[in-house]
Amino acid sequence: MTDRTMIRIDAVSKFYGIYKALDAVSLTIGEGEFFSLLGPSGCGKTTLLRSIAGFETPTSGEIHIDGVPSVMLPPNRRPTNMVFQSYAIFPHLDVAENVAYGLKRLRLSREDEARRVGDALEQVRLAGLGKRQAHELSGGQRQRVALARALVMRPKVLLLDEPLSALDKKLREEMQVELRQLQKAVGITFILVTHDQYEALALSDRIAVMFGGKIAQVATPKEIYQHPRTRKVADFLGGMNFLSGRILGEQAGTVSVDAARFGAVNLGKPPGFTAADGRVTLGIRPERLRLLWDDERAPHELSGRLENRAYFGEVTHLSVGVEGLEAPLSMVETNSYGADDLPIGAEIRLAYDPDAFVLLAEDPPVSRV
Amino acid sequence: MSFLTQRLRFLPWLPAYMAVYFLFLYLPILLLPVFSFNDAATTTFPLTGFTTKWYASLAGNTAMLEAARNSLVVGVCVALLSTVLGICAARAITRYRFRGQKAAAGLIMSPLFLPEIIVAVSLLMIVLAIGLELSLITVILGQTVFCVPYAMSVLVSGFEGFDRSLEEASYDLGETAFGTFRRVTLPVVAPAIVSSLLVTFTISLDEFILAFFLAGTSPTLPLYIWGQLRFPAKLPAVLALGTIMIVLSIVMLTLAETLRRRAERRTRMASAPPQEA
């Protein structure tokens, strides 16, 4: 990954009639970066990806690809290639013919073409399957063919539209690892569209979370998970306990907040923070709460009653009612110590770290017209 | 096994019903070849002996050959015309969303449900009103109207699963619009197109009512057969001709259905994974 900009998106908007699919989106993506567009269905992530590929023409704004203004360029004249959600394997061609499809127009010598196809198939670990017909392939293999067919064109940017969503969980996790290795090996920019937050967290150098045609936050996986800027971002990226708190005082970079039963906590002030009426929303991730067993003590603890639990194999999700809090707290415990056997209604104590709280800004109102 | 299929096994009269049904449907057609090889001018049992002379007599029958040539010309023209129109209609139906789409599809299909004789009479009235001379051309036009719905149904099932991203993938890989049509669209839907050509040709070959009203002085094969029925002595030759036409129709329709299924499989396969908006 270098510091060179590969994609620069300037105030791109896209209207379908009066429906605003993209609302003045601006973004820069670096050369060799693995970048994810994450968001729920209809948030505009696919429209943005298709605008980069050239299948959608933005209503306004500009997209520079490697310094070239590109909104008016058709897909076949952009240095981008795409892996489609349905893979779009040509059904009348075999694997090698699929991969060679785009090379035909380059009029390479027969040897060069065969070598590039062979290399591409090797890269996605499909060597030797060139003669397979499309309908003889498994879902994972089709995905690899789609990858090889795009990479063989040596694009500057590879666009991936929910490439793993059709695969079952086990295969999806394997492909995630491979996709990351592949990106490291070829060293080009990958832009992934996904609605799976774990996929985005596991794969990306940076993530843009989108809601309602706008980008809510762009950050590294760790940053975006640990310091989500708004309530919706926090919620979309995983479990979160939301609390309302009252501002006690504001300093230069921090705010101290009365977090109900958690006492006073000091929090980093997010950029552009304002709290007109002194009320704020705080969040703490379930895994930052820890069950205290027997006589174990912690500097910061709270007691409550187990209201519910759900068994997930390696972990148990606990729901703990605490007096003075509006909603029960969710927490996650590994099953090494018997959290899965706690009786409902048990009085329990839990430990928390006051530094684990995040201050969440209000989400901007969503308007798509 | 579902509740319903289990129940069906205990309906004892079902096999008998099926036997009667198929007998009624196919026995008359089976009699056709039987009598066409029978060495007698009457179509009664017992059979008197095996002969191929009725088939041989067809070869020297210039009126029949002329009618066969007419049918071939009409059939080929109708197949091409209605398939081309059917491609346009099927593509519009499967690929685009527009106001009045359902109504348009319904109107195109309507000749299937209108009484054919009424369609024929109205076409005749229009053809005479605009002063066209009745000829094979008027037959071709009339039968095309009648065949477009068949062509469209066959083609829609071939196009339906055609994943738009196949064409997008082709553009994305550097191909032009024309190149994409030639290298992706056409090969993928080719079986459906061939199937449509075969189906419409077969329908045209057998079609009587429209041809009867619109043909003027140049008969097609069904018209020729109709004319021959007045002469009892010529019946065995007609049966021979009918046998040939049936065999031809069955072969072509089987081929058409095989191709249609292949087209369907191809396009379905290409868009197998579920779509998320």
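Residue numbers (my numbering), protein chains in the order written: chain E, 368 to 736; chain W, 870 to 1146. For every residue, glycine included, the Cβ atom is placed at its ideal position computed from N, Cα and C.
Inset, instruction - Let me know the secondary structure DSSP gives W/A1141 once reduced to three states. - result: Because W/A1141 sits at a pLDDT of 49, beneath the cut-off of 50, its placement in the model cannot be relied upon, and the following sentence gives the value as read from the coordinates. The answer is coil: DSSP assigns W/A1141 none of H, G, I, E or B.
Legend entry - Straight-line gap, E/L727 to E/F578 (C-alpha atoms, nearest Å): The straight-line gap from Cα to Cα measures roughly 16 Å.
Inset, instruction - Tell me whether E/D730 sits in a helix, a strand or coil according to DSSP, three-state version. - result: In this structure, DSSP gives E/D730 a state outside helix and strand, which the three-state scheme calls coil.
Legend entry - Nonlocal neighbours in the same chain, by C-beta distance under 7 Å from E/D625, ignoring five residues either side: Spatial neighbours of E/D625 in its own chain (CB-CB distance under 7 Å, excluding positions within 5 residues in sequence) are listed in chain order as G612, R613, L615 and A631.
Inset, instruction - Take the Cβ of W/C946 as the centre, count every other Cβ of all protein chains shown within 10 Å, and call the residue buried at 16 or more, exposed below. - result: With 16 or more neighbouring CB atoms inside 10 Å of its own CB, W/C946 falls in the buried class.
Inset, instruction - Alpha carbon to alpha carbon, how far is E/G428 from E/D390? Give it in angstroms, no decimals. - result: Answer to the nearest angstrom: the Cα atoms are 10 Å apart.
Inset, instruction - Taking E/Q500 as part of the beta strand (DSSP E), name the residues at either end of that continuous run. - result: Neither: E/Q500 is in no beta strand (DSSP E) and is coded neither H nor E.
Legend entry - Per DSSP, the bridge partner or partners of E/D479: Per DSSP, none; premise fails for E/D479.
Inset, instruction - Could you check the C-alpha separation between E/D707 and E/L568 for me, to the nearest Å? - result: Cα to Cα, the separation comes out at about 27 Å.
Legend entry - Sequence-distant residues of the same chain with beta carbon closer than 6 Å to W/L950, five excluded per side: The answer, listed in chain order, is T1013.
Legend entry - Cβ distance (whole Å) where W/G955 is taken to contact W/L1024 below 8 Å: Right, the Cβ-Cβ distance comes to about 5 Å (below 8 Å), so this counts as a contact.
Legend entry - Unbroken beta strand (DSSP E) run spanning E/V632, endpoints: According to the DSSP assignment, E/V632 belongs to the beta strand (DSSP E) that extends over A631 to G635.
Legend entry - Within chain W, partners of E/P442 - CB distance below 8 Å: Neighbours of E/P442 on chain W, chain order: E1037, Y1040 and D1041.
Inset, instruction - Please state if the CB of E/L659 and the CB of E/A718 are separated by a distance shorter than 8 Å. - result: In this structure, the beta-carbon distance from E/A718 to E/L659 falls below 8 Å.
Inset, instruction - Ignore the nearest five residues each way along the sequence and tell me which others in E/A455's own chain have a CB closer than 8 Å to its CB. - result: Contacts found: A513.
Legend entry - chain W contacts made by the region 556-572 of chain E, where a contact means CB separation under 9 Å: So the list reads H562, given in the order they occur along the chain.
Legend entry - C-beta atoms of E/A575 and E/L405 nearer than 8 Å: Between E/A575 and E/L405, the C-beta spacing is below 8 Å.
Inset, instruction - Please state whether DSSP places E/I456 in a helix, a strand or coil. - result: The answer is coil: DSSP assigns E/I456 none of H, G, I, E or B.
Legend entry - 9 Å Cβ cut-off: residues of chain E touching W/E1044: Within chain E, the residues near W/E1044 are N443, Y468, G469, K471 and R472.
Inset, instruction - Would you check if the region 510-527 of chain E and the region 1044-1052 of chain W touch, i.e. whether three or more CB-CB distances between them fall below 8 Å? - result: No, the region 1044-1052 of chain W does not touch the region 510-527 of chain E.
Legend entry - W/P884 at chain E interface by Cβ criterion, 8 Å: So no, W/P884 is outside the interface.
Inset, instruction - Run through the region 539-619 of chain E for me and flag every whole beta strand (DSSP E) of 3 or more residues, listed as ranges in chain order. - result: Within the region 539-619 of chain E, the runs of beta strand (DSSP E) at least 3 residues long that lie entirely inside it are, in chain order, 556-561, 573-578, 581-586 and 608-617.
Inset, instruction - Taking only beta carbons into account, state which residues of the region 653-676 of chain E come closer than 8 Å to chain W, listed in chain order. - result: Within the region 653-676 of chain E, contact with chain W at the beta-carbon level (separation under 8 Å) is assigned to no residue.
Legend entry - Selection from E/R375, E/R371 and E/Y678 that minimises the alpha carbon distance to E/P436: When each option's Cα is compared against that of E/P436, the closest is E/R375.
Legend entry - chain W contact for E/M373 (CB, 8 Å cutoff): No - not a single Cβ of chain W is within 8 Å of the one on E/M373.
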